[in-house]
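All remarks here apply to the structure that follows.
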Amino acid sequence: MRCLKLFNIMGKTIFDKIWEKHAVSKLEDGAVILYIDCHYIHEVTSPQAFAGLNKRGIKVRRPDKTLATCDHNIPTINQHLYINDDSSRIPIETLKSNCKEHGIEMYGLLHKNNGVVHIIGPELGFTQCGMTIVCGDSHTSTHGAFGNIAFGIGTSEVEMVLASQTLIQYKPKQMLIEVNGQLGEQVCAKDLILSIISQLGTSFGTGSFIEFRGDTIEKLSMEERMTICNMSIEMGARGAIIPPDEITFKYLLEREYFPKSESANLIKEWSELKSDIDANYDSKVTIDAATIEPMITYGTNPGAGIKISDTIPFSDEESFVKSLKYMGFRCGDKLEHKSVDYIFLGSCTNGRIEDFRAFASIVKGKRKHPDVIVWLVPGSRRVLEQIESEETGKILRDAGFEIREPGCSACLAMNEDKVPSGKYCLSTSNRNFEGRQGLGARTILCGPLVAAASSITGVITDPRKFIANEL
Amino acid sequence: MNFEKINIIKSHAVITTIENIDTDQIIPARFLKTTTREGFGDNMFYDWRFNNQRETLSNSPFNNLNRDYKILVAGYNFGCGSSREHAAWALYDYGFRVIISTFFADIFKNNALNTGLLPVTIGADFYSKLLENNSKRLIINLNKQTLEIEGSTLITNFDVPLYKKECLLNGYDDVEYLLSKLNQIESYEKQNMCITR
Numbered sequence: 082m083r084c085l086k087l088f089n090i091m092g093k094t095i096f097d098k099i100w101e102k103h104a105v106s107k108l109e110d111g112a113v114i115l116y117i118d119c120h121y122i123h124e125v126t127s128p129q130a131f132a133g134l135n136k137r138g139i140k141v142r143r144p145d146k147t148l149a150t151c152d153h154n155i156p157t158i159n160q161h162l163y164i165n166d167d168s169s170r171i172p173i174e175t176l177k178s179n180c181k182e183h184g185i186e187m188y189g190l191l192h193k194n195n196g197v198v199h200i201i202g203p204e205l206g207f208t209q210c211g212m213t214i215v216c217g218d219s220h221t222s223t224h225g226a227f228g229n230i231a232f233g234i235g236t237s238e239v240e241m242v243l244a245s246q247t248l249i250q251y252k253p254k255q256m257l258i259e260v261n262g263q264l265g266e267q268v269c270a271k272d273l274i275l276s277i278i279s280q281l282g283t284s285f286g287t288g289s290f291i292e293f294r295g296d297t298i299e300k301l302s303m304e305e306r307m308t309i310c311n312m313s314i315e316m317g318a319r320g321a322i323i324p325p326d327e328i329t330f331k332y333l334l335e336r337e338y339f340p341k342s343e344s345a346n347l348i349k350e351w352s353e354l355k356s357d358i359d360a361n362y363d364s365k366v367t368i369d370a371a372t373i374e375p376m377i378t379y380g381t382n383p384g385a386g387i388k389i390s391d392t393i394p395f396s397d398e399e400s401f402v403k404s405l406k407y408m409g410f411r412c413g414d415k416l417e418h419k420s421v422d423y424i425f426l427g428s429c430t431n432g433r434i435e436d437f438r439a440f441a442s443i444v445k446g447k448r449k450h451p452d453v454i455v456w457l458v459p460g461s462r463r464v465l466e467q468i469e470s471e472e473t474g475k476i477l478r479d480a481g482f483e484i485r486e487p488g489c490s491a492c493l494a495m496n497e498d499k500v501p502s503g504k505y506c507l508s509t510s511n512r513n514f515e516g517r518q519g520l521g522a523r524t525i526l527c528g529p530l531v532a533a534a535s536s537i538t539g540v541i542t543d544p545r546k547f548i549a550n551e552l
Numbered sequence: 055m056n057f058e059k060i061n062i063i064k065s066h067a068v069i070t071t072i073e074n075i076d077t078d079q080i081i082p083a084r085f086l087k088t089t090t091r092e093g094f095g096d097n098m099f100y101d102w103r104f105n106n107q108r109e110t111l112s113n114s115p116f117n118n119l120n121r122d123y124k125i126l127v128a129g130y131n132f133g134c135g136s137s138r139e140h141a142a143w144a145l146y147d148y149g150f151r152v153i154i155s156t157f158f159a160d161i162f163k164n165n166a167l168n169t170g171l172l173p174v175t176i177g178a179d180f181y182s183k184l185l186e187n188n189s190k191r192l193i194i195n196l197n198k199q200t201l202e203i204e205g206s207t208l209i210t211n212f213d214v215p216l217y218k219k220e221c222l223l224n225g226y227d228d229v230e231y232l233l234s235k236l237n238q239i240e241s242y243e244k245q246n247m248c249i250t251r
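Taken in sequence, the protein lines are chains W and E. According to the working numbering, the first sequence is numbered sequentially starting from 82. According to the working numbering, the second sequence is numbered sequentially starting from 55.
Given below as structure tokens:
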């Protein structure tokens with residue numbers, strides 16, 4: 082070991098390995114020109130980037146590495162109808178004409194592959210392993226679940242990637258979060274990541290890329306891993322990465338567009354894709370999964386989370402006071418059993434088939450509470466079809482729920498799915514910022530199981546108690 | 055995109071000490087529906103500035119101002135949340151050229167640097183000094199990487215990546231730079247037989 086240190090030969094992290102492989106060249110100040118393998122685009126953050134290209138008189142350099150969807154501002158009912166609102170229709174039409182002009186594959190409204198960008202990339206098999214993936218959306222971190230360097234970018238950077246298939250990037254710090262232990266009954270991946278963010282804070286990961294590891298992570302399904310990586314941005318991280326394993330490869334082999342003829346070689350290569358034992362991290366954190374319980378948030382940032390049976394902590398700090406005033410809560414309040422007006426299941430955090438199955442497992446044989454408006458929004462048309470093709474659709478409908486069409490929906494409320502001012506929404510999405518789900522809307526983040534139990538009772542409900550009461 | 059070159063900025067500052075200001079606050083999602091970069095300044099911090107009836111809120115730090123203020127001082131973790139570059143455009147369009155905070159979220163910081171808006175990270179001590187001297191003008195010198203409170207001896211240094219500093223000083227953007235490196239990019243692609251889909 083001493084000898085190794087003398088020559089400064091340290092092991093590499095999975096992040097180092099992918100980063101170095103994608104470094105085209107290095108700038109004087111240490112930044113690199115980073116090659117991008119896969120670029121997802123959507124209607125809200127791309128029009129100005131295409132306008133920039135047009136102004137420069139250049140074409141998209143690698144349309145074959147670019148894929149478009151519309152998701153952020155689309156209706157989630159009656160998608161077959163004309164969108165009358167100009168400001169909502171024009172960005173979709175603009176994306177369509179930009180994709181046509183530049184030869185980019187686009188999965189528009191009603192296309193069988195349409196859906197939320199971070200749902201469809203993995204579900205179709207475009208997101209693979211060891212890649213660099215970007216998108217003009219902060220939740221691009223989702224794709225790190227497959228062992229990728231995946232991160233959100235701004236529109237200027239979208240233009241850079243369209244123009245050159247590269248980005249100028251400074252290497253971030255690296256953090257290892259090791260999660261060990263068995264998650265409890267009715268405790269899901271969303272609870273795990275909400276708990277981690279509440280323990281560490283919303284800026285703990287800023288400047289860093291996080292590697293998630295440990296026996297808890299290894300046991301998670303790909304969809305659960307995506308939920309974890311998705312919300313790493315809510316602790317400020319540039320992104321998160323989980324080394325690929327057999328679970329990853331099995332998931333990929335089932336994807337329609339995964340190149341199955343090359344799978345043996347690819348999987349052999351990707352099996353090596355892990356951090357060396359002596360790899361160096363700038364920081365390390367250990368999390369005990371066994372202590373985690375169903376989580377909810379009480380404030381206006383995703384770090385303001387508590388166990389569902391806990392009370393809101395005390396603080397007189399200015400931003401904290403402002404957030405509680407907005408939410409209509411007081412320090413010391415208990416939120417369990419508090420009534421809610423809206424419930425939202427969906428988004429790139431919890432809009433996948435397993436989330437709908439989890440929701441259905443709780444509401445099976447029950448009736449939706451009449452006073453709660455519940456939006457069930459699949460993350461993609463394929464998720465919607467899957468729901469309908471299996472028992473899940475029938476369970477949900479029999480319980481009085483309506484299933485909408487895919488889109489980002491009430492996660493950011495750009496479309497009509499807005500929560501009215503002052504109303505409470507239990508939401509499986511990723512952000513509880515002021516006004517996020519509509520002007521004055523009060524968002525309480527949770528996982529699909531809490532959302533499901535509460536949709537039957539009309540009040541914030543612990544799924545464990547809900548199930549126990551039924552026995 | 056085209057933005058004004060930055061070197062020396064002298065201005066009073068708008069100050070808010072609220073922490074974790076997310077990009078949904080800076081520009082709410084309902085204002086993201088346009089396909090151009092212009093005009094976002096009118097809607098910057100809209101819900102902090104106006105009530106439901108579109109009446110001006112007197113307690114907002116952004117109202118009762120003319121737009122001569124080129125500097126915004128804000129609390130810890132400014133610009134967290136969504137990657138929407140519209141937040142940087144809105145601040146720029148409103149008239150700001152410099153944002154000072156004790157901590158910036160990553161994506162916002164990149165977006166700002168790419169759009170002619172200088173993020174200046176300072177220590178908690180100097181942040182307190184700025185709050186104490188809130189009526190004084192501030193002087194930012196990008197070339198020297200200094201922030202000074204006018205008419206005082208209070209001065210601090212700040213970091214900015216060398217490459218991005220050159221871009222801001224000269225009004226360059228990354229696209230031009232990257233296009234000048236196309237040869238390198240092409241030979242990288244040949245050598246690596248990049249993963250295709």
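From the three backbone atoms N, C-alpha and C, an ideal C-beta is built for every residue, glycine too. The structure displayed is predicted, hence computed values, not measured ones.
(request) For the beta strand (DSSP E) containing residue 71 of chain W, list its first residue and its last residue. (result) Nothing about residue 71 of chain W can be read from this structure; chain W reaches only from 82 to 552.
(message) Only counting the same chain, and skipping five residues up and downstream in sequence, which positions put a Cβ closer than 7 Å to that of residue 210 of chain W?
(response) 227, 228, 229, 325, 329, 351, 354
(message) Between residue 545 of chain W and chain E, is any beta-carbon pair separated by less than 8 Å?
(response) no
(message) Suppose the cutoff is 6 Å on Cβ atoms and the five residues either side in sequence are ignored; what does the same chain contact list for residue 142 of chain E look like?
(response) 165, 166, 169, 171
(request) Anything in chain E within Cβ reach of residue 403 of chain W, meaning under 8 Å, just list it in chain order. (result) 72
(request) Pick helix, strand or coil for residue 162 of chain W, following the three-state DSSP scheme. (result) coil
(request) Examine chain W for any beta-carbon lying closer than 8 Å to the beta-carbon of residue 129 of chain E, and answer yes or no. (result) yes
(message) I'd like to confirm the pairing. Which residues does DSSP put opposite residue 563 of chain W in its beta bridges?
(response) No statement about residue 563 of chain W is possible, as the shown extent of chain W runs from 82 to 552 and does not include it.
(request) Taking residue 260 of chain W as the reference, give the member of W:366, W:95, W:512, W:515 with the closest Cα. (result) W:366
(message) Out of W:512, W:119, W:111, which one is the CA nearest neighbour of residue 315 of chain W?
(response) W:512
(request) Just grab the DSSP bridge partners of residue 216 of chain W for me. (result) W:121, W:233
(message) So that I know if they touch, is there some Cβ in chain W lying closer than 8 Å to that of residue 84 of chain E?
(response) yes
(message) Within 8 Å of any Cβ in chain E, is that where the Cβ of residue 109 of chain W sits?
(response) yes
(message) At a threshold of 7 Å, does residue 308 of chain W count as lining the ligand NAD (C-beta to nearest heavy atom)?
(response) In the structure on display, the ligand NAD does not appear, and there are no ligands present to speak of.
(request) Spell out whether any CB of chain E is found under 8 Å from the CB atom of residue 203 of chain W. (result) no
(message) Just to confirm the assignment, what range does the alpha helix (DSSP H) spanning residue 91 of chain W have?
(response) Run containing residue 91 of chain W: none; DSSP gives neither H nor E here.
(request) Go through its chain and collect everything with a Cβ distance to residue 100 of chain E's Cβ below 8 Å, but skip five positions before and after it. (result) 81, 82, 85
(request) Quickly, what does DSSP pair residue 195 of chain E with across the bridge? List them, please. (result) E:62, E:200
(message) Relative to the C-alpha of residue 204 of chain W, which candidate in W:549, W:547, W:281, W:461 has its C-alpha closest?
(response) W:461
(request) Whole angstroms is fine: what's the gap from residue 468 of chain W's alpha carbon to residue 239 of chain W's? (result) 34 Å
(request) Output yes if chain E places a C-beta closer than 8 Å to the C-beta of residue 494 of chain W; else output no. (result) yes
(message) Quick test of your reading: residue 67 of chain E and residue 127 of chain E, contact by CB under 8 Å. State the CB separation rounded to the nearest angstrom.
(response) 5 Å
(message) Helix, strand or coil for residue 87 of chain E? Go by DSSP, reduced to three states.
(response) coil
(message) Let me check understanding here. Comparing Cα to Cα, which of W:503, W:225, W:126, W:221 lies closest to residue 179 of chain W?
(response) W:126
(message) Against chain E, does residue 520 of chain W count as a neighbour if the rule is that its beta carbon must be under 8 Å from one of theirs?
(response) yes
(message) Given this structure, state the Cα-to-Cα distance separating residue 552 of chain W from residue 445 of chain W, to the nearest angstrom.
(response) Because residue 552 of chain W sits at a pLDDT of 45, beneath the cut-off of 50, its placement in the model cannot be relied upon, and the following sentence gives the value as read from the coordinates. The alpha-carbon atoms of residue 552 of chain W and residue 445 of chain W are separated by roughly 14 Å.
(message) Which residue marks the beginning of the beta strand (DSSP E) containing residue 258 of chain W, and which one marks its end?
(response) 254 to 261
(message) Please identify the residue among W:420, W:214, W:296, W:379 whose C-alpha is closest to the C-alpha of residue 407 of chain W.
(response) W:379
(request) Could you tell me how far apart the beta carbons of residue 210 of chain E and residue 154 of chain E are, in whole angstroms, since I believe they sit closer than 8 Å? (result) Between residue 154 of chain E and residue 210 of chain E the Cβ distance is about 10 Å, and since that is not below 8 Å, they are no contact.
(request) Note down, in chain order, each residue of its chain lying with its Cβ closer than 7 Å to the Cβ of residue 78 of chain E, except the 5 sequence neighbours on either side. (result) 135, 136
(message) Which same chain residues end up closer than 6 Å to residue 428 of chain W when comparing Cβ atoms and leaving out the 5 residues on each side of it in sequence?
(response) 492, 510
(message) Could you compute how far the alpha carbon of residue 231 of chain E sits from the alpha carbon of residue 321 of chain W?
(response) 29 Å
(message) Would you say residue 251 of chain E lies against chain W (beta-carbon separation less than 8 Å)?
(response) With a pLDDT of only 46 at residue 251 of chain E, under 50, the local geometry of the prediction cannot be trusted, and no value is derived from it.
(message) At the level of alpha carbons, what is the spacing between residue 241 of chain W and residue 254 of chain W?
(response) 23 Å
(message) Which runs of the beta strand (DSSP E) at least 3 residues long sit entirely within the segment 240 to 308 of chain W? Give them in chain order.
(response) 247 to 250, 254 to 261, 289 to 294
(message) By alpha-carbon positions, which one of W:144, W:341, W:421, W:132 ends up nearest to residue 73 of chain W?
(response) What is shown of chain W runs 82 to 552, which leaves residue 73 of chain W out entirely.
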